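*Asks:*
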Amino acid sequence: DKADSSGLSVWESTQQASVQPVNMHGEPAMRLRQILNEVTEKPTLDISVIDGHREVIGAVFADTENDKIVVIGDSSICLYSLTQQRTIFMNVVRQQQVSATIRHISVNPELGTFVACLEMVDVAPTGERKMQNV
5 DKADSSGLSV WESTQQASVQ PVNMHGEPAM RLRQILNEVT EKPTLDISVI DGHREVIGAV
65 FADTENDKIV VIGDSSICLY SLTQQRTIFM NVVRQQQVSA TIRHISVNPE LGTFVACLEM
125 VDVAPTGERK MQNV
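Going by my numbering, the first residue of the sequence shown is number 5, and it counts up by one from there.
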């Protein structure tokens, strides 16, 4: 837990913000309190170990029923179903001669679709690196 310029950790800053009556727009900080409650008070629904992820970048719900979750790794994308409690899709973006890294993902839960932005790096036998964003 790294401290910010005021000496507070991320967790301490979040706790402090949650007890303040209004946010910077003058609206109640209810949404922040709800998120904190979800993270700290709600039971764990499922735990899954997903092979192929060296580093998990993020996870987002991929549908409006809060069943399917897209788990984004540095080089893989996984679609997990909470109701089925299993991985229903997984794609590793690495290839033999080309290194691919996922840089960003966007999800449309209404349609159940997602798109990923990749950085592809090809190293030629001469050592020359060719980079392409797709």
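Glycine is no exception: its CB is placed at the ideal position from the N, C-alpha and C atoms. If you're wondering where the values come from, they're calculated on a predicted model, not measured in any experiment.
Quick one: using the 10 Å Cβ neighbour count with 16 as the cut-off for buried, is Ala63 buried or exposed?
*Replies:* Exposed, since its Cβ has fewer than 16 Cβ neighbours within 10 Å.
*Asks:* Grouping DSSP H, G and I as helix and E and B as strand, with all else coil, what is Glu114?
*Replies:* Three-state result, Glu114: coil.
*Asks:* In chain order, what residues of the same chain lie with their CB nearer than 6 Å to the CB of Thr91, ignoring the 5 residues before and after it?
*Replies:* Counting only Cβ-Cβ distances below 6 Å, and skipping sequence neighbours, we find Cys82 and Tyr84.
*Asks:* Between the alpha carbons of Met94 and Ser80, how many angstroms are there, rounded?
*Replies:* If you take the alpha carbons of Met94 and Ser80, they lie about 7 Å apart.
*Asks:* Considering only DSSP beta bridges, list what Val125 is partnered with.
*Replies:* Partner(s): Ser103 and Met135.
*Asks:* Would you say Asp126 and Val96 are within 7 Å of each other, going by their C-beta atoms?
*Replies:* No, Cβ-Cβ distance for Asp126 and Val96 is not below 7 Å.
*Asks:* Check Thr91 in the structure and name its three-state DSSP category.
*Replies:* Thr91 falls in the strand class under three-state DSSP.
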